[in-house]
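Accompanying notes for the structure given below.
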Amino acid sequence: MSGPDVRHVVEPLLDVRGLIAELDTPAGIARAVDGLDFEVRAGETMALLGESGCGKSMTAGALMRLLPDVGYIAGGSVKLAGRELTTLTEAQMRESRGSDMAMIFQEPATSLNPVLTVLQQIGEVLATHRGLRGAPARARALELLNAVGIPDAARRLDEYPFQFSGGMKQRAMIAMALAGEPRLLIADEPTTALDVTIQAQVLDLLARLQRERGMAVLLITHDLGVVARMAHQIGVMYAGQLIEQAPRAAFFTRPAHPYSKLLFDALPDAARHGRGELATIPGSVPPLTTAFTGCRLADRCPQAWSRCRDEAPAWHEAGEAQRVRCHLYDPAETARAAPTATAPSTVVADGRIEAGQARLLSVRDLKVHFPIRRGVLQRVVGHVRAVDGVSLDIRPGRTLALVGESGCGKTTVGKAILRLIEPTGGTVSLDGQDVGSLSRSALRSLRARMQMVFQDPYGSLNPRMRVGEIIGEGMGALQQGGDGMAVARLLEQVGLRADMADRYPHEFSGGQRQRIAIARSLAVQPALIVCDEPTSALDVSVQAQILNLLGRLQRDMGLAYLFITHNIAVVEHLAHDVAVMYLGRIVEIGSVDQVLGAPRHPYTKALLSAVPRADLDAATLPQKLTGDLPSPADPPSGCHFHPRCPRAQARCRTDVPVLEGHDGRQAVACWFAD
Amino acid sequence: MIAYIIRRLLYAIPILIGVNLITFLLFFVVNSPDDIARMQLGAKRVTPEAIEKWKAERGYDKPLVWNAAAPGVAKATDTILFDKSVRMFALDFGRADDGRDIALEIRSRMGPSLAIAIPTFILGLFVTVSFALLLVFFRNTALDVGGVVLCVAAMSISGLFYIIGGQYLVSKVWNLVPISGYSGGLDAGKFLILPVLISVVGGIGASARWYRTLFLEEINKDYVRTARAKGLSELHVLFRHVLKNAMIPILTGVVVVIPLLFMGSLLLESFFGIPGLGSYTIDAIGSQDFAVVRSMVFIGSVLYIVGLLLTDISYTLVDPRVRLK
Amino acid sequence: MFRPVFLWSDILLWAMVAGCIALAVYCRRQDYLRRAWRRVGESGVAMASATILAAFVSVGLLDSLHYQPRLPAQEGSSEVQYAPEVLSALDALVADLRLNKEKTYSAPLATHAFAKETMERDGVQTRDYPRLKWGGAHLEEVAGRDSDLARRAASGAFYGLLLWAVVVGVAVGWMALARGAPYGATCRTVWRPDTATTRPIAWRAVFVTLAVLCVIGGVTAAWAAGYHVFGTDKVGQDVLYLSLKSVRTALLIGTLTTLVTLPLAVALGLIAGFRGGWWDDAIQYLYTVLNSIPGVLLIAAMVLMMQVIIDTHPEWFETAAERADARLLALCFILGLTSWTGLCRLLRAETLKLRELDYVQAARAFGVGDARIMARHILPNLMHIVLIALVMDFSGLVLSEAVLSYIGIGVDSSMNSFGTMINAARLELSREPVVWWSLAAAFVLMLALVLAANLFADAVRDAFDPRFQWRARRILKKVAA
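Protein chains in written order, with this note's numbering: chain A, 17 to 690; chain B, 191 to 515; chain C, 475 to 955.
Now the structure itself:
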């Protein structure tokens with residue numbers, strides 16, 4: 017029934033050789049995983065890194081033999097502890113799933129069964145693989161919940177997933193995965209759906225559990241920061257293939273493959289703030305239905321030459337234990353200089369406009385409350401204070417980043433400023449005109465002055481309209497005469513071709529769609545654009561393109577941005593000023609250097625230290641935040657942050673701190689700020 | 191949760207009033223009682239006296255909504271609206287054209303109707319859900335494709351042919367059970383087995399196909415992948431995970447018809463000569479007995495609204511997200 | 475020679491045909507609609523069903539060109555008189571079937587009546603099955619019937635195939651011209667398309683179905699020239715004729731019903747979902763009330779009331795055909811009134827979802843007005859639901875017509891429909907021997923119509939509903955050992 021029992025310490029726990037997985041799609045057979053070779057040892061974390069559409073998740077599915085209905089393993093071998101998995105019968109494979117190898121998924125919200133309690137869902141694993149039922153199963157489940165750090169575990173065992181917060185759900189998922197005492201844990205983007213502070217907690221938990229149990233972990237992620245924090249070994253995937261394999265230290269000091277280098281260069285961070293554009297990778301990942309002949313990166317690689325297009329590269333040594341699938345490292349090509357990182361193409365003068373100019377947008381004490389109705393007669397019994405007294409200013413040509421975790425009300429602020437949501441209180445004035453008091457027709461002319469770019473590039477363009485119509489709509493609505501010439505000019509301005517105006521949105525990639533959305537907002541020549549997480553749905557390389565575009569437009573046209581985001585790295589790269597929001601209020605506001613360089617509010621500090629950095633000295637002292645974001649329907653008294661604050665004292669529980677700054681330092685709402 | 195149910199209960203009141211108003215409009219305003227009398231009496235016998243007599247026999251000789259001639263409260267109560275429509279709220283339906291009390295008739299005919307409807311409902315639900323699960327278990331195989339084709343073919347055949355064909359084959363050619371009729375007590379079995387079977391078979395196509403789509407929608411969800419990653423067997427995944435979630439949309443369609451079972455089935459009862467409410471309704475339609483049709487419309491709506499309430503309550507039983515919020 | 479008669483249902487039906495053509499032109503221009511219809515065209519089942527439906531539709535349309543024939547001029551009168559009877563183009567085409575009645579029942583393709591009669595033969599009173607007036611009347615010897623049938627079947631099939639060959643030859647020629655490819659190559663790609671690289675329109679399914687239809691039609695026509703192919707009913711009418719006439723009724727009920735109430739459902743669903751608040755409450759109340767009355771009972775009540783109106787106003791209708799037509803339209807309207815609620819609720823829910831989408835928010839940020847947002851952003855994204863409802867409802871309505879006519883609240887009893895056919899024939903099952911042919915004819919034609927409609931509707935839904943798209947076939951490839 018089982019494979020050879022004798023195992024050597026050095027022998028890898030998971031050994032994948034030549035794995036091929038295919039999908040039968042309408043466009044043809046897509047080879048999502050194409051000849052993968054890698055191994056993972058016990059107690060070691062192997063990270064598979066890559067952009068979306070690279071076949072990372074398909075790899076995980078192939079290892080578990082849990083592919084979508086249209087997918088199948090077309091070749092190769094997977095050995096777990098010496099036992100070949102691809103030839104097992106389905107019944108044998110089931111025994112392996114959940115006990116030898118377990119898996120956790122990206123979306124804890126949908127990955128748990130909504131109508132079964134947590135105990136029932138953990139109990140299934142215990143019953144199937146450990147033969148535990150009844151009281152012993154309950155005791156074991158309790159141990160597991162305690163081990164993953166779920167407070168009040170005895171009570172929560174009998175609760176349903178919807179009663180858990182996002183982070184707690186992921187902990188429950190992990191407990192479920194541990195229940196079968198697996199030797200290999202596959203974590204598929206385990207923290208992508210979580211906020212940074214929660215992400216830090218979950219990553220720490222995973223690292224601790226791995227140490228304690230000596231598990232092997234296969235971590236699948238697109239986030240270099242998460243890799244830096246967690247991985248021992250790294251494999252970079254591109255278009256279904258591994259293209260570089262290296263130990264952590266080597267990878268972060270000397271990434272070898274041009275693609276890996278580009279990934280690093282495309283990452284926004286403070287080092288290049290205001291001084292240059294990010295390196296971008298032109299184009300996007302080719303569809304996996306392509307029949308490749310040469311290197312799969314050839315069309316996007318800045319160093320590609322004819323050989324790259326004609327001949328698929330083999331593995332070459334690039335250093336100790338570092339392998340690259342690139343012709344540049346072919347000993348026969350030593351004539352070609354070892355590639356250097358491509359420097360950012362242009363160095364532009366700092367486009368900052370000096371402070372002191374008149375305010376473009378001024379928001380004072382903005383409030384948006386949503387009523388909560390309960391009972392037989394649906395009376396209003398309270399309010400969700402989504403935005404509770406926010407004040408901020410934006411000057412022409414500058415960028416204010418509004419930073420916070422999900423549910424803190426930052427998107428609501430953006431929509432309330434544009435009056436897409438009617439504010440409950442406070443004033444918004446643009447060019448000194450009070451937006452809130454305007455009539456419908458007066459508001460319409462003001463709409464030309466401020467526009468919005470939305471988060472989801474797939475939901476923000478009407479699939480039934482041509483690109484030209486989409487861009488022309490704003491001009492038409494505001495009587496600005498949207499003719500074909502104007503549309504063509506706008507398309508070229510955002511880096512698209514003029515003839516694309518006749519196409520429909522579904523023909524474009526996510527990044528291109530976001531460009532169209534930007535062109536649409538530019539059509540009315542606004543002075544301010546509210547950008548609501550415009551890059552969070554995009555891959556790093558595409559994000560860099562969009563950030564560069566936004567930067568260029570700001571310099572050329574003097575646009576001001578209200579940039580709503582949760583991504584600190586993007587803020588560092590592009591913002592002039594930063595406001596940090598927590599539960600409907602701004603807790604700290606000031607210039608980028610002040611807030612990110614010398615944060616004063618304990619929440620800002622925790623937030624910054626929770627962000628995983630894509631470098632080797634990532635192990636700075638993280639200021640751990642415990643607990644979850646409270647509900648804005650029932651916010652804590654006094655300072656909203658006090659239940660999670662390491663410095664909280666009696667006063668914080670009763671008095672609301674005022675947002676104040678002295679001596680030219682940034683304003684901060686904390687009784688005990690630095 | 192209790193507040194939720196109370197709210198749904200309160201919401202039922204204006205709906206019942208609306209239904210009542212619609213029936214009143216339909217039966218007394220669209221056509222005046224005079225028109226109806228003229229048609230029912232037939233062209234030959236229409237005289238003003240005959241019309242008046244016909245109206246008086248049925249209590250249609252009163253004013254529609256306001257009786258100016260009557261004293262006091264009777265101004266509002268001694269009208270057709272009050273007599274024929276408002277009284278229905280108290281389940282007082284008046285008399286049929288043959289002079290029998292409608293409420294009494296309904297009570298005595300409920301039994302035979304339920305005797306067919308309940309076994310049909312239970313057996314039908316069981317058979318269709320199992321069939322759909324079977325198709326889903328063998329999804330993407332020839333068995334599934336064949337099953338779906340069978341379902342589409344089955345739902346393309348009129349219900350009339352199921353009954354006619356069933357009666358002809360089972361009763362006439364094979365002589366297994368009586369062709370029609372009914373009797374009380376245990377004897378009823380031999381009369382009921384055929385109609386129940388026919389209506390179960392006739393219903394399989396459409397429902398099984400619908401349930402299959404529901405199951406397939408669930409089976410593509412993330413939590414099913416999680417369940418499989420735990421190493422659970424496909425059957426376990428289907429029954430414990432998929433079925434439990436798919437029950438929520440299935441309940442919407444199923445619970446709401448439970449109270450309507452009282453109404454019986456029009457076609458089956460008339461073909462098989464079963465003295466239930468369905469055949470009562472058909473006979474009333476055939477003989478244009480408006481009092482009976484009106485009563486059945488009202489009862490049907492009351493039962494439907496009860497069904498809606500039951501649906502809401504059953505949600506709280508299956509879906510913890512509704513129960514605990 | 476005749477005077478055209480325009481019944482209301484004819485006008486609506488032809489308007490619908492015009493609407494379909496307009497819609498087709500519109501679909502060609504709209505990229506997403508063209509792609510979705512193309513997906514329908516790629517499905518062999520859908521194209522085969524569409525061919526069968528087209529055959530039914532052409533029968534229905536032929537039956538919708540009505541006229542009154544001129545009566546022969548009376549002696550000494552110059553006044554032109556028209557027959558009170560309203561006929562259709564179909565009636566003219568199959569005049570043989572319509573006019574050659576028997577006395578009563580006769581079995582399909584029979585030469586003798588179903589019941590014995592007392593008659594005189596060679597001066598002796600005997601009881602025997604009499605020869606039919608039309609069915610097999612041309613036969614000298616009754617024993618020659620089988621060979622006669624076989625001969626007719628062969629020639630019918632031959633002419634059917636000939637017709638098929640001409641049609642297909644022209645169609646392929648047209649395709650070759652459009653593609654600019656040689657004729658032979660076009661034939662080959664139509665018959666065996668290259669499915670590995672392209673997803674071609676399933677013309678082969680169309681042509682094969684057409685061949686089957688042509689053969690069946692040819693044989694039936696050849697037989698019908700001398701026999702009652704489906705027998706005759708109680709009053710001696712040809713059952714094949716009755717079945718053909720029923721097609722129009724079924725088509726009308728299936729399409730008009732949804733169409734007449736479509737504007738209501740779309741408008742109310744859109745307003746309820748988009749406006750919300752007071753509007754939403756009122757519309758939801760309206761459809762909950764209507765929905766809470768069990769469908770059959772509401773229809774029964776409304777039909778009974780409609781009957782009273784029609785019966786008390788005989789002066790409104792000039793001919794019996796007009797009265798039956800008015801009743802049919804009223805029935806469509808009543809069926810529509812009781813069934814719009816489902817579509818309205820669907821549209822409302824979808825509008826609620828669409829209203830919150832970013833592109834609607836973006837339009838709002840430009841100050842685009844509500845009416846324009848509804849017309850440009852919401853309605854086009856609802857059209858697939860409307861279309862799916864239209865095709866999905868069709869078969870259900872055809873089936874319900876039969877049931878309603880059986881209960882006695884369907885179409886006018888003088889109107890030919892599957893329901894009236896079944897109703898008239900169902901009691902005859904208890905005869906000995908059984909009179910089965912009317913039921914069988916209704917069964918076969920209804921099954922063909924409804925099954926084709928269901929299969930076509932499924933394909934349309936798969937092509938238009940994003941949730942059903944490409945539920946792919948699984949290729950069961952085993953891992954190389």
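Note that CB positions come from ideal geometry on N, CA and C, so glycine has one too.
All of these numbers come straight from a predicted model, not from anything done at the bench.
- Message: Can you check which of these residues, A:239, A:294, A:301, is closest to residue 255 (chain A) by C-alpha distance?
- Response: Working through the first sequence from its first residue, we reach residue 255 (chain A) at position 239. Per the Cα distances, A:301.
- Query: In chain order, what residues of the same chain have a beta carbon less than 7 Å from the beta carbon of residue 689 (chain A), not counting five sequence neighbours either side?
  - Reply: Looking up residue 689 (chain A) in the first sequence gives position 673. Leaving aside the five residues that flank residue 689 (chain A) on each side, the residues in its chain whose CB is nearer than 7 Å to its CB run, in chain order, 616, 617.
- Message: Three Cβ pairs or more, each shorter than 8 Å: is that satisfied between the region 456 to 469 of chain A and the region 834 to 849 of chain C?
- Response: For the pair of segments examined, the region 456 to 469 of chain A was found to touch the region 834 to 849 of chain C: the number of CB pairs separated by less than 8 Å reaches three.
- Task: For chain A, find out if any of its Cβ atoms is closer than 8 Å to the Cβ of residue 831 (chain C); answer yes or no.
- Result: One-based indexing of the third sequence puts residue 831 (chain C) at position 357. Answer yes: the Cβ-Cβ gap between residue 831 (chain C) and chain A drops below 8 Å somewhere.
- Message: Since residue 757 (chain C) and residue 742 (chain C) should fall inside the 8 Å C-beta cutoff, what is the C-beta to C-beta distance between them, to a whole number of angstroms?
- Response: Translated into the one-based positions of the third sequence, residue 757 (chain C) becomes position 283. Translated into the one-based positions of the third sequence, residue 742 (chain C) becomes position 268. Between residue 757 (chain C) and residue 742 (chain C), the beta carbon gap of about 5 Å places them in contact (Cβ cut-off 8 Å).
- Message: Please list, in chain order, the chain B residues whose beta carbon lies closer than 7 Å to that of residue 85 (chain A).
- Response: Looking up residue 85 (chain A) in the first sequence gives position 69. Within chain B, the residues near residue 85 (chain A) are 330.
- Closer than 6 Å by C-beta to residue 970 (chain C): which residues in its own chain qualify, once you throw out the five before and the five after it? Chain order, please. With chain C covering only 475 through 955, there is no way to say anything about residue 970 (chain C).
- Query: Who are the neighbours of residue 540 (chain A) on chain C, taking C-beta pairs under 9 Å?
  - Reply: Start at 1 with the first residue of the first sequence, and residue 540 (chain A) comes out as number 524. Neighbours of residue 540 (chain A) on chain C, chain order: 840.
- Item | Span separating the alpha-carbon of residue 860 (chain C) from that of residue 834 (chain C) | On the third sequence, position 386 is the one that residue 860 (chain C) refers to. On the third sequence, position 360 is the one that residue 834 (chain C) refers to. Those two C-alpha atoms are separated by around 20 Å.
- Task: Would you check if the region 275 to 284 of chain A and the region 108 to 116 of chain A touch, i.e. whether three or more CB-CB distances between them fall below 8 Å?
- Result: Too few Cβ pairs lie closer than 8 Å, so no.
- Item | Close Cβ partners of residue 220 (chain B) (< 7 Å) along its chain, the five nearest in sequence each way excluded | For the purposes of this step, residue 220 (chain B) is taken as the residue at position 30 of the second sequence. So no residue of the chain qualifies.
- Item | Residues near residue 160 (chain A) in its chain [Cβ-Cβ closer than 7 Å; skip 5 each side] | Translated into positions along the first sequence, residue 160 (chain A) becomes position 144. Excluding sequence positions up to five before and after residue 160 (chain A), its CB lies within less than 7 Å of the CB of 138, 191, 194, 195, all in the same chain and listed in chain order.
- Item | Neighbourhood of residue 514 (chain C) by C-beta distance below 7 Å, restricted to the same chain and skipping five residues each side | In the third sequence, residue 514 (chain C) corresponds to position 40, counting from 1. Excluding residues within five positions, the ones whose Cβ falls inside 7 Å are 520, 933, 934, 937.
- Grouping DSSP H, G and I as helix and E and B as strand, with all else coil, what is residue 145 (chain A)? Indexing the first sequence from 1 puts residue 145 (chain A) at position 129. In this structure, residue 145 (chain A) counts as helix in the three-state DSSP scheme.
- Message: Which residues does DSSP list as the beta-bridge partners of residue 263 (chain A)?
- Response: Taking the first sequence and counting its residues from 1, the one referred to as residue 263 (chain A) is at position 247. For residue 263 (chain A), which the question treats as bridged, DSSP gives the partners A:249.
- Please report how far the alpha carbon of residue 369 (chain A) lies from the alpha carbon of residue 320 (chain A), in whole angstroms. The count along the first sequence starts at 1 and reaches residue 369 (chain A) at position 353. The count along the first sequence starts at 1 and reaches residue 320 (chain A) at position 304. Residue confidence for residue 369 (chain A) is low, a pLDDT of 44 falling below 50, so the modelled location carries little weight and cannot support an answer.
- Are any of the Cβ atoms in chain B nearer than 8 Å to that of residue 948 (chain C)? The residue labelled residue 948 (chain C) in the question sits at position 474 within the third sequence. Because the pLDDT at residue 948 (chain C) is just 34, under 50, the model does not fix this residue reliably, and the point stays unresolved.
- Item | Minimum C-alpha distance to residue 92 (chain A) - residue among A:55, A:568, A:36 | As a position in the first sequence, residue 92 (chain A) is number 76, starting the count at 1. For the set A:55, A:568, A:36, the Cα lying nearest the Cα of residue 92 (chain A) is the one of A:36.
- What residues are listed by DSSP as bridge partners for residue 342 (chain A)? If you number the first sequence from 1, residue 342 (chain A) lands on position 326. Beta-bridge partners assigned by DSSP to residue 342 (chain A): none are found.
- Item | Cutoff 7 Å; reference residue 490 (chain C); Cβ partners in own chain excluding five residues on either side | In the third sequence, residue 490 (chain C) corresponds to position 16, counting from 1. Hits under 7 Å: 729, 733.
- Item | Alpha carbon of residue 852 (chain C) to alpha carbon of residue 828 (chain C), nearest angstrom | In the third sequence, the residue the question calls residue 852 (chain C) occupies position 378. In the third sequence, the residue the question calls residue 828 (chain C) occupies position 354. Each residue's Cα considered, the two are about 7 Å apart.
- Message: Just verifying my parser: in three-state terms, what is the DSSP assignment at residue 360 (chain A)?
- Response: Taking the first residue of the first sequence as 1, we reach residue 360 (chain A) at position 344. The pLDDT assigned to residue 360 (chain A) is 47, lower than 50, so where the model puts this residue is not dependable, and the model offers no usable value.
- Cα-Cα separation, residue 815 (chain C) to residue 767 (chain C): If you number the third sequence from 1, residue 815 (chain C) lands on position 341. If you number the third sequence from 1, residue 767 (chain C) lands on position 293. Put simply, the backbone Cα of residue 815 (chain C) is about 12 Å away from that of residue 767 (chain C).
- Message: Could you tell me the alpha carbon to alpha carbon distance between residue 223 (chain A) and residue 246 (chain A), rounded to whole angstroms?
- Response: In the first sequence, the residue the question calls residue 223 (chain A) occupies position 207. In the first sequence, the residue the question calls residue 246 (chain A) occupies position 230. Each residue's alpha carbon lies about 7 Å from the other.
- Message: According to DSSP, is residue 331 (chain A) part of a helix, a strand, or is it coil?
- Response: Translated into positions along the first sequence, residue 331 (chain A) becomes position 315. In this structure, residue 331 (chain A) counts as strand in the three-state DSSP scheme.
- Message: Along the chain, where does the beta strand (DSSP E) containing residue 439 (chain C) start, and where does it finish?
- Response: In the structure displayed, chain C extends from 475 to 955; residue 439 (chain C) sits before or after that span and is not available.
- residue 417 (chain A) - DSSP class collapsed to helix/strand/coil: On the first sequence, position 401 is the one that residue 417 (chain A) refers to. Correct three-state label for residue 417 (chain A): strand.
- Message: Going by DSSP in three states, residue 367 (chain A) sits in which element: helix, strand or coil?
- Response: Translated into the one-based positions of the first sequence, residue 367 (chain A) becomes position 351. With a pLDDT of only 44 at residue 367 (chain A), under 50, the local geometry of the prediction cannot be trusted, and the value read off the model is given with reservation. Three-state result, residue 367 (chain A): coil.
- Closer than 8 Å to chain B by CB, residue 785 (chain C): As a working note, residue 785 (chain C) is residue 311 in the third sequence. It does: the Cβ of residue 785 (chain C) has a partner Cβ on chain B nearer than 8 Å.
- Please classify residue 365 (chain B): is it buried, with 16 or more other beta-carbons within 10 angstroms of its beta-carbon, or exposed? For the purposes of this step, residue 365 (chain B) is taken as residue 175 along the second sequence, with counting starting at 1. With fewer than 16 other beta carbons inside 10 angstroms of its own, residue 365 (chain B) counts as exposed.
- Item | Pick from C:578, C:893, C:715, C:613 that is closest to residue 603 (chain C), judged by C-alpha positions | Locating residue 603 (chain C) in the third sequence gives position 129, counting from the first residue. Ranked by how close their Cα comes to the Cα of residue 603 (chain C), the residues C:578, C:893, C:715, C:613 have C:578 in first place.
- Identify each residue in the region 208 to 230 of chain B for which the Cβ-Cβ distance to at least one residue of chain C is less than 8 Å, and report them in chain order. Cβ contacts with chain C come from 208, 209, 212, 213, 216, 217, 220, 221, 225, 226, 228, 229.
- residue 360 (chain B) versus residue 312 (chain B): straight-line alpha-carbon distance, rounded: The residue given as residue 360 (chain B) occupies position 170 in the second sequence. The residue given as residue 312 (chain B) occupies position 122 in the second sequence. So the two alpha carbons sit approximately 22 Å from each other.
- Query: Applying a beta-carbon distance threshold of less than 8 Å, which residues of chain C neighbour residue 489 (chain A)?
  - Reply: As a first step, residue 489 (chain A) is located in the first sequence; it is residue number 473 there, counting from the start. Contact of residue 489 (chain A) with chain C by beta-carbon distance below 8 Å involves 837, 840, 842, 850.
- Report all residues from its chain with a CB closer than 7 Å to the CB of residue 371 (chain A); omit the five preceding and five following residues, and keep chain order. Here residue 371 (chain A) corresponds to residue number 355 of the first sequence, with the count starting at 1. Only weak support is given to the placement of residue 371 (chain A): the predicted model assigns it a pLDDT of 47, under 50, and the question is left unresolved by the model.
- Message: If the cut-off is 7 Å on Cβ atoms, which residues from the region 418 to 447 of chain B count as contacting chain A, listed in chain order?
- Response: Here the close residues are 418, 419, 420, 421, 422, 423, 431, 434, 435.
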